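Written out below as structure tokens is the structure these notes cover.
Numbering (our numbering), first residue to last: 1 to 71.
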């Protein structure tokens, strides 16, 4: 099972996505929003579309892989 937290931001010239592998199960929407706001305010990341301007959305993506044993 692979789980990632996908953070989407409005950037200077479009949108930007950041993914975090294996996020904590106990994350709250407020914690995610606060972290995203801090990333924007700190100008810590620059994407192909420029600096991050504001948080847009966030989601957790959970993928499960099951091998099939062929006869």
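We treat Cβ as the ideally placed atom computed from N, Cα and C, and that holds for glycine.
Since the model is a prediction, treat every value here as computed from it, not as a measurement.
Endpoints, the alpha helix (DSSP H) within which residue 30 is located: From DSSP, the alpha helix (DSSP H) with residue 30 extends over 29 to 42.
So, helix, strand or coil for residue 17, using DSSP? Reduced to three states, the DSSP call for residue 17 is strand.
Is the Cβ-Cβ distance between residue 43 and residue 11 less than 7 Å? The Cβ-Cβ distance between residue 43 and residue 11 does not fall below 7 Å.
Using the three-state DSSP reduction, which class does residue 78 fall into: helix, strand or coil? The chain is shown from 1 up to 71; residue 78 falls before or after that span and cannot be answered.
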